Amino acid sequence: CINSGSTIKCMSVHPVLKKRDDFEDVLEERRRSSDLRYALRCYTPTLYKGLVPCKVSMLKSIVLQSDHLQCVIKQVSSESGDSTECVAEEASLILDEMAHRMQLSTVRFFVFTLSKAFKRLFRSVCVNEEGIQRLQQAVQEHPVVLLPSHRSYMDFLMMSYLLYMFDLPLPVIAAGMDFMSMKFIGEMLRMSGAFFIRRSFGGDKLYWAVFSEYVKTMLRKGYAPIEFFLEGTRSRTCKSLTPKTGLLNIVMEPFFKGELFDVSLVPVSISYERVLEESLYARELLGVPKPKESTSGLLKARRVLSEDYGSMHVYFGHPVSVRSLAEGKIKRSQYNLLPRCIPQKPSVDTHEFLNDAAFRLVRIQEENMVLKPWVLIATLLLQNPDGMDLSSLTEQTDWLRHLALAFGAFLDWPDHEACSEVISCSLALHRRLLSVSAGQVQLSVTDGPQVETTPEEAVFQRAVVVLSCASYRNQILHVFLRPALLAVAMQSANSNRKDDIYNCFNFLRNMFSNEFILCPGDSVQDFEEACYLLMKRGVLQVLEHEIVMSASGQSTLAFLCSVLDPFLQGYQVTPYTQCANVHYCAKVWGSVFLSFFLSFFLSFNYSFYSARMLNQNCIKISTKY
Numbered sequence: 001c002i003n004s005g006s007t008i009k010c011m012s013v014h015p016v017l018k019k020r021d022d023f024e025d026v027l028e029e030r031r032r033s034s035d036l037r038y039a040l041r042c043y044t045p046t047l048y049k050g051l052v053p054c055k056v057s058m059l060k061s062i063v064l065q066s067d068h069l070q071c072v073i074k075q076v077s078s079e080s081g082d083s084t085e086c087v088a089e090e091a092s093l094i095l096d097e098m099a100h101r102m103q104l105s106t107v108r109f110f111v112f113t114l115s116k117a118f119k120r121l122f123r124s125v126c127v128n129e130e131g132i133q134r135l136q137q138a139v140q141e142h143p144v145v146l147l148p149s150h151r152s153y154m155d156f157l158m159m160s161y162l163l164y165m166f167d168l169p170l171p172v173i174a175a176g177m178d179f180m181s182m183k184f185i186g187e188m189l190r191m192s193g194a195f196f197i198r199r200s201f202g203g204d205k206l207y208w209a210v211f212s213e214y215v216k217t218m219l220r221k222g223y224a225p226i227e228f229f230l231e232g233t234r235s236r237t238c239k240s241l242t243p244k245t246g247l248l249n250i251v252m253e254p255f256f257k258g259e260l261f262d263v264s265l266v267p268v269s270i271s272y273e274r275v276l277e278e279s280l281y282a283r284e285l286l287g288v289p290k291p292k293e294s295t296s297g298l299l300k301a302r303r304v305l306s307e308d309y310g311s312m313h314v315y316f317g318h319p320v321s322v323r324s325l326a327e328g329k330i331k332r333s334q335y336n337l338l339p340r341c342i343p344q345k346p347s348v349d350t351h352e353f354l355n356d357a358a359f360r361l362v363r364i365q366e367e368n369m370v371l372k373p374w375v376l377i378a379t380l381l382l383q384n385p386d387g388m389d390l391s392s393l394t395e396q397t398d399w400l401r402h403l404a405l406a407f408g409a410f411l412d413w414p415d416h417e418a419c420s421e422v423i424s425c426s427l428a429l430h431r432r433l434l435s436v437s438a439g440q441v442q443l444s445v446t447d448g449p450q451v452e453t454t455p456e457e458a459v460f461q462r463a464v465v466v467l468s469c470a471s472y473r474n475q476i477l478h479v480f481l482r483p484a485l486l487a488v489a490m491q492s493a494n495s496n497r498k499d500d501i502y503n504c505f506n507f508l509r510n511m512f513s514n515e516f517i518l519c520p521g522d523s524v525q526d527f528e529e530a531c532y533l534l535m536k537r538g539v540l541q542v543l544e545h546e547i548v549m550s551a552s553g554q555s556t557l558a559f560l561c562s563v564l565d566p567f568l569q570g571y572q573v574t575p576y577t578q579c580a581n582v583h584y585c586a587k588v589w590g591s592v593f594l595s596f597f598l599s600f601f602l603s604f605n606y607s608f609y610s611a612r613m614l615n616q617n618c619i620k621i622s623t624k625y
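The structure is reproduced here in structure tokens:
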């Protein structure tokens, strides 16, 4: 569709459902051979053609002596009044605290340990080998940046494990300082390629300079693939978070300044049939403080090894060329106006480019996420809180499967297996979240043993189950999001006029722009995609000036509206929370919400449980509107 004046006209260009690669279970071979022999095997990684051999000690020296860092040291010395020697010593200490010290012997120990753990945790770990082949080619041609999705602490461990398995260069991984404080484990992570950075730098100019120069030096030298999470942190809700652009700017800057011909960005989608932290995330969302990372906590958590977490899928996407991304959008000549060593703040155009690129990369991650049958079942159970008859659940899950596939979902549905058998297997795997009795399936009252509780505790336990289930429902939101926005817009517009519906669609899209991954400037394209998908399913007809629902489309539109309903209700609840708690900050938001949540639901009903799945951006939106 094109916004021509005040009229929305449909184009003939439609979204194309792309073909995805096939998967191979990498644990199959591990179950048949010795883990020790595998960990000690000859490791011969594919190398970057422009690699400059560089030891860890030499890398530190190059960073500290770089023109950029020396320039910042002089600036900080001038501003603080400290001698340049004193500031240089501080920079050296920062780098010592930050830098990795990768040793292959430590990596081998982790490979041996993780082989044992993964075989107990997962039925299968499936990887697209075509993606691995593309990555093997990419690491030879240009410096590579790996951008995995982040749903679990298991993500970065699995990434290094797979790269070792396929003889790819081991990545250096941006990790939070929380891990560094873990006795023994923190140092082992450092020797496996982790470099530790603060969660926020504030106005610490020296720290930022050391950090950025360290990353850029490794990139320029082709030292190793850089790995970081675009979302910045694990998503407790299992829906993609608004991407951060700080590190993305750092890895693109050598290209902007002409120091590198190109950089390859590789989005990686990691999907779990059952997330290890599902219950922990739900409690954190309800205001329970996040447990501090510690070695003792890790040892206590070893009981997870006795649980079944189903299958895991890792999809390595097509490498994205920074050169191609920036073509026609970034004027690299602006970076030649000053010597390269002088720090420059990104221009407005660069900020917009980084933001757009980050959103599109996360969107690629979403599109390549592998969805399991439980995601569909959880979606239906949340829309039917009183439970569903097993036969009805089977029928509706099959209907939803076909709808999701028509909308482009990457669904892992067993071939040649009856729908009822697939659903039975999924229900068994997630039995902690539901109860099945006399052919009736419903969400469980608690995720643990049932004991006598107070009303507040009962509400809290119920909320843990609902939020755990909602986190799985959230995994499929990107598939239904655009058609759902159109469905709600049609319901809200009280008109069949295309312009009126588009205006409602655009308002909803703007309101949810920080809640879901909606690429900046793609409003018309998203509207066109939603129209096409619903037309293809026979849900509506798009005429020249009108959009008309077909007689058979009522149930589909009702379902799509219900998908967004928890988020719409959550945005209604948020202002009430703000009225009840005028003074708040981000750190206490969880406990503020929990207090309000318990008092609100004890006097009302459970329909707003999923309100806690909202990003904190909804607070800003509620004040804006």
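If you read the sequence shown in full-length UniProt numbering, its first letter stands for residue 1, the second for the next number, and so on.
All C-beta atoms, glycine included, are put in the ideal place defined by N, C-alpha and C.
These numbers come from a predicted model, not from an experiment.
Just tell me which of E277, R303, V304 has its CA closest to the CA of P291.
-> Locating residue 291 in the sequence shown gives position 291, where the first residue counts as 1. Looking at the Cα atoms, E277 is the closest of the given residues.
According to DSSP, is T501 helix, strand or coil?
-> Against the sequence shown, residue 501 aligns to sequence position 501. Note on identity: in this sequence residue 501 is Ile, with Thr being the wrong assignment. In the three-state DSSP reduction, I501 falls in the helix class (H, G or I).
Assign L286 to one of three DSSP states: helix, strand, or coil.
-> The residue given as residue 286 occupies position 286 in the sequence shown. Here L286 carries a coil assignment [DSSP, helix/strand/coil].
Contact under 9 Å by Cβ, Y207 with R220 = By one-based count along the sequence shown, residue 207 stands at place 207. By one-based count along the sequence shown, residue 220 stands at place 220. Between Y207 and R220, the gap from beta carbon to beta carbon reaches 9 Å or more.
What's the gap between the Cα of R363 and the Cα of P267?
-> Here residue 363 refers to the residue found at position 363 of the sequence shown. Here residue 267 refers to the residue found at position 267 of the sequence shown. Rounded to the nearest angstrom, the two C-alpha atoms are 9 Å apart.
Using the Cα positions of R20 and Q133, report the straight-line distance between them to the nearest angstrom.
-> Indexing the sequence shown from 1 puts residue 20 at position 20. Indexing the sequence shown from 1 puts residue 133 at position 133. Cα-Cα distance, rounded: 14 Å.
Is F527 closer than 9 Å to residue 690 when the C-beta atoms are compared?
-> There is no way to answer for residue 690, as the model of the chain reaches only from 1 to 625.
Beta-bridge partners of Y161, as assigned by DSSP = Residue numbering aside, residue 161 sits at position 161 when the sequence shown is read from its first letter. Note: Y161 sits in no beta bridge, so no partner.
Where C519 sits in the DSSP three-state scheme | Stepping through the sequence shown from its first residue, residue 519 is reached at position 519. The answer is coil: DSSP assigns C519 none of H, G, I, E or B.
How would you write the range of the alpha helix (DSSP H) that P148 sits in, first residue to last?
-> In the sequence shown, the residue the question calls residue 148 occupies position 148. Per DSSP, P148 is not a residue of any alpha helix (DSSP H); the beta strand (DSSP E) it occupies stretches across 144 to 148.
Going straight from the alpha carbon of Y625 to that of L51, what length do you get?
-> For this step, residue 625 is matched to residue 625 along the sequence shown. For this step, residue 51 is matched to residue 51 along the sequence shown. Low local confidence applies: a pLDDT of 46 at Y625 is under 50, so the model's placement there is unreliable, with the coordinate-based value given in what follows. In this model, Y625 and L51 are separated by some 52 Å (Cα to Cα).
Report the rounded CA-to-CA distance for E89 versus A99, giving the unit in angstroms.
-> Counting from 1 along the sequence shown, the entry for residue 89 is found at position 89. Counting from 1 along the sequence shown, the entry for residue 99 is found at position 99. Their backbone Cα atoms lie some 15 Å apart in a straight line.
Collapsed DSSP secondary structure at E273 in the structure displayed | The residue labelled residue 273 in the question sits at position 273 within the sequence shown. In the structure shown, the three-state DSSP call for E273 is coil.
Taking L285 and V125 to be in contact with their CB atoms under 8 Å, please state how far apart those CB atoms are, rounded to whole angstroms.
-> Numbered from 1 along the sequence shown, position 285 holds the residue referred to as residue 285. Numbered from 1 along the sequence shown, position 125 holds the residue referred to as residue 125. 27 Å between Cβ atoms; not a contact.
Helix, strand or coil for S306 per DSSP?
-> Within the sequence shown, residue 306 is the residue found at index 306, counting from 1. In this structure, DSSP gives S306 a helical state, which the three-state scheme calls helix.
Between E130 and the rest of its own chain, which residues show a CB-CB distance below 7 Å, the 5 nearest in sequence each way excluded?
-> On the sequence shown, position 130 is the one that residue 130 refers to. So the qualifying residues of the chain are D21.
From I547 to G538, what distance separates their C-alpha atoms?
-> Position 547 of the sequence shown holds residue 547. Position 538 of the sequence shown holds residue 538. When the Cα atoms are used, I547 and G538 turn out to be separated by approximately 12 Å.
Residue range of the alpha helix (DSSP H) that M182 falls in?
-> For the purposes of this step, residue 182 is taken as the residue at position 182 of the sequence shown. Where M182 is concerned, there is no enclosing alpha helix (DSSP H), because DSSP gives it neither an H nor an E.
Whether Q442 touches G387 by CB criterion (9 Å) = Mapped onto the sequence shown, residue 442 falls at position 442. Mapped onto the sequence shown, residue 387 falls at position 387. The Cβ-Cβ distance between Q442 and G387 falls below 9 Å.
Can you say whether M165 is buried or exposed, counting buried as having 16 or more other CB atoms within 10 angstroms of its CB?
-> Counted from its first residue, the sequence shown places residue 165 at position 165. M165 should be labelled buried.
In the structure shown, what three-state DSSP assignment does D82 receive?
-> Against the sequence shown, residue 82 aligns to sequence position 82. Look at D82 here: in three-state DSSP terms it is coil, with no helix or strand label.
Taking C-beta to C-beta, are L260 and P143 nearer than 9 Å?
-> Position 260 of the sequence shown, counted from the first residue, corresponds to residue 260. Position 143 of the sequence shown, counted from the first residue, corresponds to residue 143. At a Cβ-Cβ threshold of 9 Å, L260 and P143 count as neighbours.
Between S324 and Q334, which are expected to be in contact by the criterion C-beta below 8 Å, what is the C-beta distance as a whole number of angstroms?
-> As a first step, residue 324 must be located in the sequence shown, where it is residue number 324. As a first step, residue 334 must be located in the sequence shown, where it is residue number 334. With a Cβ gap of about 19 Å, S324 and Q334 do not count as contacting.
S152 vs R234 beta-carbon contact at 9 Å = In the sequence shown, counting from the first residue as 1, residue 152 sits at position 152. In the sequence shown, counting from the first residue as 1, residue 234 sits at position 234. Yes, the Cβ-Cβ distance between S152 and R234 is below 9 Å.
How long is the line joining the alpha carbons of S514 and P520, rounded to whole angstroms?
-> Within the sequence shown, residue 514 is the residue found at index 514, counting from 1. Within the sequence shown, residue 520 is the residue found at index 520, counting from 1. The amino acid occupying residue 514 in the given sequence is Asn; Ser does not appear at that position. Distance between the alpha carbons of N514 and P520: 11 Å.
Work out the CA separation of L47 and K345 for me, nearest whole Å.
-> Residue numbering aside, residue 345 sits at position 345 when the sequence shown is read from its first letter. Residue numbering aside, residue 47 sits at position 47 when the sequence shown is read from its first letter. About 33 Å.
CB contact flag (F255, L147, <9 Å) | Numbered from 1 along the sequence shown, position 255 holds the residue referred to as residue 255. Numbered from 1 along the sequence shown, position 147 holds the residue referred to as residue 147. No, Cβ-Cβ distance for F255 and L147 is not below 9 Å.
Go to residue 629, then tell me how far its beta strand (DSSP E) extends in each direction, as first and last residue.
-> No information on residue 629 is available, as it lies outside the stretch 1 to 625 that the chain covers here.
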